[in-house]
Amino acid sequence: MKKISNEALTRITDAHELWLRSDGKKGHRADLSKTDLSGIEIPEANLVLASFLEANLSGANLLLADLSQATLTGANLSGAELSGADLLLADFSGADLAGADLSVADLSGANLSRACLAAASLPQTDFSGADLSEANLLGADLSGANLSGANLSGANLAQSRLSNVNLSGADLTQANLLLTSIHCTNFHNTALTGVTIDSLTLLQLPTEVSRKFRNTFQIIELDRSGEFMIVREMEFPEIYYRAGLSILSYFAAFLRGQYSPDEIRIRIELRGNMAALIVEAASQEIKGRIQDALEIYGLVLQGKLVADALSDDDAQIMRLESSLAYTRKLMADERRLTSPQQSDDGVANADMQWLRDHVGSLLQHPETRMVADEKYLYELIPQIFGIRKFQGVIKRLMDQNSRIRPELSTLFQKLSVRTPDGDDIRTMESSLLRIRKEVPDAFREITREFYDSGIEAASSVWGEAFSRVLDRLTN
Numbered sequence: 051m052k053k054i055s056n057e058a059l060t061r062i063t064d065a066h067e068l069w070l071r072s073d074g075k076k077g078h079r080a081d082l083s084k085t086d087l088s089g090i091e092i093p094e095a096n097l098v099l100a101s102f103l104e105a106n107l108s109g110a111n112l113l114l115a116d117l118s119q120a121t122l123t124g125a126n127l128s129g130a131e132l133s134g135a136d137l138l139l140a141d142f143s144g145a146d147l148a149g150a151d152l153s154v155a156d157l158s159g160a161n162l163s164r165a166c167l168a169a170a171s172l173p174q175t176d177f178s179g180a181d182l183s184e185a186n187l188l189g190a191d192l193s194g195a196n197l198s199g200a201n202l203s204g205a206n207l208a209q210s211r212l213s214n215v216n217l218s219g220a221d222l223t224q225a226n227l228l229l230t231s232i233h234c235t236n237f238h239n240t241a242l243t244g245v246t247i248d249s250l251t252l253l254q255l256p257t258e259v260s261r262k263f264r265n266t267f268q269i270i271e272l273d274r275s276g277e278f279m280i281v282r283e284m285e286f287p288e289i290y291y292r293a294g295l296s297i298l299s300y301f302a303a304f305l306r307g308q309y310s311p312d313e314i315r316i317r318i319e320l321r322g323n324m325a326a327l328i329v330e331a332a333s334q335e336i337k338g339r340i341q342d343a344l345e346i347y348g349l350v351l352q353g354k355l356v357a358d359a360l361s362d363d364d365a366q367i368m369r370l371e372s373s374l375a376y377t378r379k380l381m382a383d384e385r386r387l388t389s390p391q392q393s394d395d396g397v398a399n400a401d402m403q404w405l406r407d408h409v410g411s412l413l414q415h416p417e418t419r420m421v422a423d424e425k426y427l428y429e430l431i432p433q434i435f436g437i438r439k440f441q442g443v444i445k446r447l448m449d450q451n452s453r454i455r456p457e458l459s460t461l462f463q464k465l466s467v468r469t470p471d472g473d474d475i476r477t478m479e480s481s482l483l484r485i486r487k488e489v490p491d492a493f494r495e496i497t498r499e500f501y502d503s504g505i506e507a508a509s510s511v512w513g514e515a516f517s518r519v520l521d522r523l524t525n
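Structure, rendered in structure tokens:
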């Protein structure tokens, strides 16, 4: 696979923009097929109709880029940042988008057939009319997404979040809905014939939907694969694979130290990017204790419990801390090898946090995870959905106000930062100040939408910071 310099890439994108502006009379269409572009930073690039056939865009920053009608067939976009991007009618068939962030992106009419979107971040994304047939959406977050009229036949939606999703007119024939979280979802005229579903997910379906399709469902009763067997299956984007296995291996070793070979058998099975932690217990009592330990370990990984909750043995706590430090090193090494441009401490910390959240969530018992999702939806919905919805407002204003587009773009990008620092807040305030001066109506709409979104009430870091800035600018 060929690799090009940043200078060469700039020449190609400039020539492509000229080709677009001149209706093909000048410049030339960008063809970056089978090119190694891993880790590139081209936010807001105009790459309409460009070709990235089988290109490597893993870890690329394409935030707010316009790739409408682009060809990305078979491309590797694992871990890429595509938040707010315009991707309508783009061809992602067979592409790898595992772990990518496509929140608030426009994928209406796009072709994502057989694409891998495992563990992808897809809240508030527009998939209306898109082809997602046989796509892998294992563990993806589709909260608030628009999937109206989408083709999801044969898609794998196991362990995904489908809360507040518009599925009206969508085709989910033969889809996999095992351990899926469904809440406030629109199933009007949705085809669900022949879906594979478990007994817990079935209870979340509206009564009329369940009654209409139940005779065609393949219903899986949980924990029937073995009376005392526990299975936790998860998929890792390539860049997280070795580090993810390290986290699972620590827990396997921890259990082996707690129980005799007569009490448990434990193994990790690997299949492609999938890993399954399988524990066979000798009794229901031991199985229950191991499930409790998995629950605690998952919460420790997510930072919701301190490590002491897992064990009161100081040596064991030291082993856990050492294991997590080693996992972070693996993650940082992998990032340096695959995306040297994104190998600073900030990226390494963000990678590690994502991995800990991902594994920690999937280690929890399915029933607990669904209960947690309900709490997440009812109590934390402003924080989770609010920022994404607010980004959607900023994106719409960008399309309507070219004069302040740079400032709105800066706001959108800063809202994508997990934890803002002083520079982020100062940049945000400067952008809002200019928006207030140049287009007062846009500033008023931003202010109104922010308070309506509920972000401030959720007491998120961003909500409090944004609220303080608005207070200074409006008083």
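Okay, so the sequence shown: first residue is 51 according to our numbering, each after it adds one. Where a beta carbon is used, it is the ideal one built from N, C-alpha and C, also for glycine.
Handout entry: Contacting residues, own chain, Cβ-Cβ under 7 Å from A388 (five flanking each side not counted)
Key = Note that residue 388 is Thr in the sequence shown here, rather than Ala. Around T388: S88, S108, G109 and I289.
Practice task
Grab the span of the alpha helix (DSSP H) containing M478 for me, first residue to last.
Solution key: G472 to E488
Practice task
Report yes or no: do the segment 484 to 495 and the segment 441 to 455 share at least 3 C-beta pairs separated by less than 8 Å?
Solution key: yes
Exercise for the section: Taking 8 Å as the threshold, find out whether the segment 86 to 100 comes into contact with the segment 112 to 122 through three or more Cβ pairs. Expected result: yes
Handout entry: Supposed close pair G3, N214 - CB separation, criterion 8 Å
Key = Past the edges of the chain, shown from 51 to 525, lies residue 3, and the structure says nothing about it.
Handout entry: Three-state class that DSSP yields for V259 in the structure shown
Key = helix
Practice task
Measure the C-alpha to C-alpha separation of I316 and D64 and round it to an integer number of angstroms.
Solution key: 56 Å
Handout entry: Of the listed residues D156, T246 and S481, nearest to L523 (C-alpha basis)
Key = S481
Practice task
Below 8 Å CB to CB, which residues in the same chain sit around H66 once its five sequence neighbours on both sides are set aside?
Solution key: G77, H78, R79, A80, N96, L97 and A100
Practice task
Take E313 as the anchor and find which of S333, G179 and G322 has the nearest alpha-carbon.
Solution key: S333
Practice task
Count the other C-beta atoms from every protein chain shown that fall within 10 angstroms of the C-beta of D423, then say buried if there are 16 or more, exposed otherwise.
Solution key: Unreliable placement is indicated for D423, whose pLDDT of 40 sits below 50; the coordinate value is still reported in the next sentence. That one is buried.
Practice task
Check whether the Cβ atoms of L117 and L137 sit closer than 8 Å, and answer yes or no.
Solution key: yes
Exercise for the section: Look up K445 in the DSSP assignment and say whether it is helix, strand or coil. Expected result: helix
Problem - Contact between the segment 163 to 170 and the segment 142 to 149 (3+ Cβ pairs under 8 Å) - result: yes
Exercise for the section: Per DSSP, which residues does I269 bridge with? Please list them. Expected result: I247
Practice task
Find the nearest neighbour of I328 within the set I90, K53, T251 and S299, judged by alpha-carbon distance.
Solution key: S299
Handout entry: Cβ neighbours of F278 in the same chain (closer than 8 Å, five flanking residues each side left out)
Key = E330, A331, A332, S333, Q334, I336 and K337
Exercise for the section: Per DSSP, which residues does R282 bridge with? Please list them. Expected result: L327
Exercise for the section: Answer yes or no: do F301 and Y347 have a C-beta to C-beta separation smaller than 8 Å? Expected result: yes
Practice task
Check the DSSP bridge columns for D191 and list the partner residues they point to.
Solution key: S171 and R211
Problem - Backbone CA spacing between I318 and R292 [nearest angstrom] - result: 13 Å
Practice task
For S101, write down the residues that DSSP places opposite it in a beta bridge.
Solution key: D81 and T121
Practice task
Measure the alpha-carbon distance for A205 versus S260 and round it to whole angstroms.
Solution key: 19 Å
Problem - Other residues of its chain near K445: CB distance less than 7 Å, five sequence neighbours each side excluded - result: G134, V154 and F462
Problem - Pairwise C-alpha distance: T175 and M51 - result: 31 Å
Handout entry: Distance CB(L222)-CB(L192) smaller than 8 Å
Key = no
Handout entry: Alpha carbon of D471 to alpha carbon of I485, nearest angstrom
Key = 21 Å
Exercise for the section: Check whether the Cβ atoms of T230 and S210 sit closer than 8 Å, and answer yes or no. Expected result: yes
Problem - Segment limits, alpha helix (DSSP H) that includes S296 - result: Y291 to Q308
Problem - Proximity below 8 Å, CB of A357 to CB of M381 - result: no
Exercise for the section: Evaluate H526 with the Cβ neighbour count: other Cβ atoms within 10 Å of its Cβ, from every protein chain shown; 16 or more gives buried, anything less gives exposed. Expected result: The first residue shown for the chain is 51 and the last is 525, placing residue 526 beyond what the model contains.
Exercise for the section: Check whether the Cβ atoms of A160 and A140 lie closer than 8 Å to each other. Expected result: yes
Problem - C-beta contact flag for A150 and L182 at 8 Å - result: no
Handout entry: Identity of the residue in L447, I247, M402 and Y501 nearest D383 by Cα
Key = M402
Exercise for the section: Classify E131 as buried or exposed, calling it buried when 16 or more other Cβ atoms lie within 10 Å of its own Cβ. Expected result: buried
Handout entry: Check whether A200 and A180 have beta carbons under 8 Å apart
Key = yes
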